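These notes concern the structure reproduced below.
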Amino acid sequence: MDATDPSHLFDHIPEPYVEQPNFQRINFTAGDDEHDPEAAEVCDGILKCLALRDKWIQSNAIVIPDEDSDNTMPLTPGRTKFRHRDDLPYDIFSTKAPSGTDHRLEIQDGVVVVYPSDSVSPILQPLSQDEFYDDWFEVKRIINSGPVKRLQLLESRFNLHVLLNGDRELVSQKAVPHRDFYNIRKVDTHIHHSACMNQKHLLRYESIVDLRRWMGCSLYDRFIKSKLKSNPGEIVIFRDGRFMTLSEVFRSLNLTAYDLSVDTLDMHASNTFHRFDRFNLKYNPAGQSRLREIFLKTDNLIAGRYLADITKEVMSDLQQSKYQLVEWRLSIYGRKHSEWDKLARWFYVNRLASPHVRWMIQIPRLFFLYKKSGDIDNFEHMIQNIFLPLFEVTKDPSSNPQLHTFLQAVIGFDCVDDESKTDPIRAERGKPLPRPADWTYESNPPYDYWCYYLYANLATLNAFRRAKGFSTFTFRPHAGEAGDTDHLAATFLCANAINHGITLRKSVALQYLYYLAQIGIAMSPLSNNKLFLDFQRNPFPQYFARGLNVSLSTDDPVMLHYTKDPLLEEYSVAAQVWKLSGTDICEIARNSVLQSGFEHPFKQHFLGKKYYVPGAAGNDIRMSNVPNIRLDYRHETLSSELACLQHHHG
């Protein structure tokens, strides 16, 4: 026996966790003679919408591995009472890029289609644009046919459940050793990388730690100020026809190191309500685009080195916190074919992989700008710039090992811009929109058009990568932050999950469909409060009570949050204002892990071996801190709603 290992002292202590298998249920039954033709028609429509979503999402669905292996790290021998587990290994830089294959790539109506070298049949033939619009118009017709009252019943049912079983849920949580809200995994499922730090972190770079830190006095060198002091003569930008050093840039702005403060940076969102243009300007430190280019861009004269430095600092903070994870978004604009090469090089050279971080690619809807500037000829040109490099590196990873490595850390695609803008050209039933090669207007395609072509190319790309054993990508666009609910009808068909979703409150039928399909919604109430919707009017608590698959996210910490833990700040404000219980916030955190793109072994490690099974059967309260009672309630309620639809339908 190892004298240094005290675990044997705990061998005879009983397991404190006692499962609470029973709880009080509320059941609703209908009489056998009840027949309502209107209800039958509504149920038929809702079931048809769900079938349409299944039709579209099946080619881009998340695939759970067939094997029944347990990818959680085992408890260290002799320390079961300590529940110590080693972290999962994560090293994407050590893998060698495999050799290429002889697949053929063809572009058909704006979609890249892949053929095996010896076949005339593609790996996946995507559904057509015409079929997408037929189904989209059908969903819109059904959701506008009348109100759905089931949502109010779901909300009332949840309130009764909490009233009857809240104490049981609390007892279950208290019985679990070690776990509480602070040490369960929670993923920031919607956060933009250039805004991933708060202003204090951007301004300050922790470089010296001494005894004063332990006395409560942290000693900081300011991040921007430290660069100005240590590298004043470094050439950092080309402006006004000449190269400028860092000190020259600050002199041109009439700023000194002493002047810098959080107030000088002026990056907190203020006076931005319904002003998305002003909100975007807050990305510029001190209101200066040149400072943004120097410190917050990956593609600049110094190859994004300053942004990489602060990224590593934030990664270090995440590693120390252990239980917080993020999915940072980086932009690919579709302006040039070389964008992927530059972004992958920045990631690879700076070694920006972390077990706590996965990356998403956001596509800004800026076609009209690049068309006016002459960078692209038509929408198909933009699609090629976005997707062809990915198909090429999937075909032959050795042609671009850096990009191949980077894609192992990328888990999904987003589509972003101001949704409140009206689309100048909109789809009409019976009037097909031009194909991408024919879209030569100096105006943006409508939101639904973007959705279809991003979805279709991701579907064929995923089929190609899956066939070669590579990682795949989800489609999780911004939808329902503002603007028309038509956006949410498009994402209902083809998105794995969405960000924001606050305009679902305007369409109860569509909200009910999102509940039935359990489409993930990453909500950011503090961001909405600054842009489009007052905090008190945010529908998050209603969505959560009704059983929609919602999580909390930060969006833009540098403009919205004040602490070093913006995600905890988001949870804290929500819990205080909406009086969320400990079970509630742990359930929301569990939702965030399920919505995230972290790989299957990591989700098993975070939530348990059978995390993907609905209800208590897929829950391990020792990892999630969510009582089985709560998850059984959610599963039984959803099952009863689907059964109700089938009852009235059949």
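Numbering that gives the first Met the number 0 puts the first residue of the sequence shown at 0, with every later residue one more than the last. By construction, the Cβ of each residue, glycine as well, lies at the ideal position given by its N, Cα and C atoms. Note that the structure is a prediction, hence the values are computed from the model and not measured.
inquiry  = Quick check: what's the CA-CA separation for Gln57 versus Phe242?
reply    = Rounded to the nearest whole angstrom, the CA to CA distance from Gln57 to Phe242 is 52 angstroms.
key: Coarse secondary structure for His634, derived from DSSP in three states   = The answer is helix: DSSP assigns His634 an H, G or I state.
message = If you follow the alpha helix (DSSP H) that Ile25 is in, where does it begin and where does it stop?
response = First-last for Ile25: undefined, no H or E at that position.
inquiry  = What does the Cβ neighbour count give for Val119, buried or exposed, with the cut at 16 atoms within 10 Å?
reply    = When all chains shown are included, Val119 counts as exposed.
task = Go ahead and pull the three-state DSSP assignment for Arg304.
result = Looking at Arg304 - three-state DSSP - the assignment turns out to be helix.
inquiry  = With three or more beta-carbon pairs closer than 8 angstroms as the criterion, would you say the stretch 622-634 touches the stretch 158-170?
reply    = Contact between the stretch 622-634 and the stretch 158-170 is present, because at least three Cβ pairs lie under 8 angstroms.
query = Can you list, in chain order, the residues of its chain whose CB lies under 6 angstroms from that of Val138, leaving out five sequence neighbours each side?
reply = Cβ neighbours of Val138 beyond the five flanking positions: Cys48, Ala488.
message = I need the DSSP call for Leu252, collapsed to helix, strand or coil.
response = Shown here, Leu252 sits in coil according to DSSP, grouped into three states, outside any helix or strand.
message = To the nearest angstrom, how far is the alpha carbon of Arg621 from that of Gln383?
response = Using only the alpha carbons, I get a separation of about 47 angstroms.
query = Among Phe180, Asp187, Leu295, which has the Cα closest to the Cα of Ile236?
reply = Nearest of Phe180, Asp187, Leu295 to Ile236, Cα basis: Leu295.
query = Quick one, are the C-beta atoms of Leu512 and Ile45 less than 9 angstroms apart?
reply = Their beta carbons are under 9 angstroms apart, which means Leu512 touches Ile45 by this criterion.
ask   = Which runs of the beta strand (DSSP E) fall wholly inside the stretch 344-381 and span at least 3 residues, in chain order?
value = Correct list: 356-363.
task = Over the uninterrupted beta strand (DSSP E) stretch that includes Leu329, give me the two end residues.
result = From DSSP, the beta strand (DSSP E) with Leu329 extends over 323-330.
key: Cβ pair Asn536, Glu154 closer than 9 angstroms   = In the sequence as presented, Asn is not what sits at residue 536; that position holds Arg. For Arg536 and Glu154, no; Cβs fall outside 9 angstroms.
inquiry  = With H, G and I counted as helix, E and B as strand and the rest as coil, what does DSSP make of Gln107?
reply    = The DSSP-derived three-state label of Gln107 is strand.
task = For Asp85, name the three-state secondary structure that DSSP assigns.
result = When DSSP states are grouped into helix, strand and coil, Asp85 belongs to the coil group.
ask   = Going by Cα to Cα distance, which pick from Asp298, Ser98, Asn158 is closest to Ser337?
value = Out of Asp298, Ser98, Asn158, Asp298 has the C-alpha closest to the C-alpha of Ser337.
ask   = What residues in its chain sit with their C-beta under 7 angstroms from that of Leu306, if we drop five residues either side in the sequence?
value = Around Leu306: Phe294, Leu295, Lys296, Thr297.
task = Over the uninterrupted alpha helix (DSSP H) stretch that includes Lys420, give me the two end residues.
result = Segment: none, Lys420 is in no alpha helix (DSSP H) and carries neither H nor E.
request  = Report, in whole angstroms, the separation of the C-beta atoms of Ala352 and Phe601, which I expect to be a contact under 8 angstroms.
outcome  = With 8 angstroms as the limit, Ala352 and Phe601 do not qualify as a contact, their Cβ atoms being about 13 angstroms apart.
message = Can you list, in chain order, the residues of its chain with a C-beta nearer than 8 angstroms to that of Ala616? Leave out the 5 residues immediately preceding and following it.
response = Cβ contact annotation for Ala616 (same chain, cutoff 8 angstroms, sequence separation greater than five): Lys609, in chain order.
message = Can you tell me whether Tyr114 is helix, strand or coil according to DSSP?
response = Collapsing the DSSP output to three states places Tyr114 in a strand.
request  = Put Ile61 into one of helix, strand or coil per three-state DSSP.
outcome  = Per DSSP, reduced to three states, the secondary structure at Ile61 is coil, with no helix or strand assignment.
inquiry  = Going by DSSP, what residue range makes up the alpha helix (DSSP H) through Gly581?
reply    = Residues 581-594.
request  = Report, in whole angstroms, the separation of the C-beta atoms of Phe597 and Arg357, which I expect to be a contact under 8 angstroms.
outcome  = Indeed they touch by this definition, with Cβ atoms about 6 angstroms apart.
Rounded separation between Ile624 and Ser506 - CA only = As written in the sequence, residue 624 is Asn, which differs from the Ile given in the question. Linking Asn624 to Ser506 through their CA atoms gives a straight-line distance of about 33 angstroms.
C-alpha gap between Arg428 and Arg140, whole angstroms = Near 11 angstroms, if we compare the C-alpha coordinates of Arg140 and Arg428.
message = Given this structure, state the Cα-to-Cα distance separating Ala355 from Gly519, to the nearest angstrom.
response = According to the sequence displayed, residue 355 carries His and not Ala. Taken atom to atom, the span from the alpha-carbon of His355 to that of Gly519 is near 20 angstroms.
ask   = Are the CB atoms of Leu104 and Val113 nearer to each other than 9 angstroms?
value = Yes, the Cβ-Cβ distance between Leu104 and Val113 is below 9 angstroms.
Among Leu51, Gly99, Leu515, nearest to Phe469 - alpha-carbon criterion = Ranking Leu51, Gly99, Leu515 by CA distance to the CA of Phe469 puts Gly99 first.
ask   = Taking the DSSP output, what are the residues bridged to His477?
value = In DSSP, His477 forms a bridge with Asn498.
query = What number of angstroms, rounded off, separates the C-alpha of Leu532 from the C-alpha of Phe491?
reply = Distance between the alpha carbons of Leu532 and Phe491: 22 angstroms.
query = What residues match up with Thr244 in a beta bridge as DSSP calls it?
reply = Residue pairing from DSSP places Thr244 in a beta bridge opposite Ile234.
task = Using only alpha-carbon positions, find the residue among Ile360, Gln361, Asp308 that is nearest to Arg350.
result = Considering only alpha carbons, the answer is Asp308.
request  = Mind reading off the beta-carbon distance from Asn59 to Asn461? Whole number of angstroms is fine, and I expect it under 8 angstroms.
outcome  = Beta-carbon to beta-carbon, Asn59 and Asn461 are separated by about 6 angstroms, close enough to satisfy the 8 angstroms threshold.
key: Distance between Gly303 and Ala38 (C-alpha atoms, nearest Å)   = Answer to the nearest angstrom: the Cα atoms are 58 angstroms apart.
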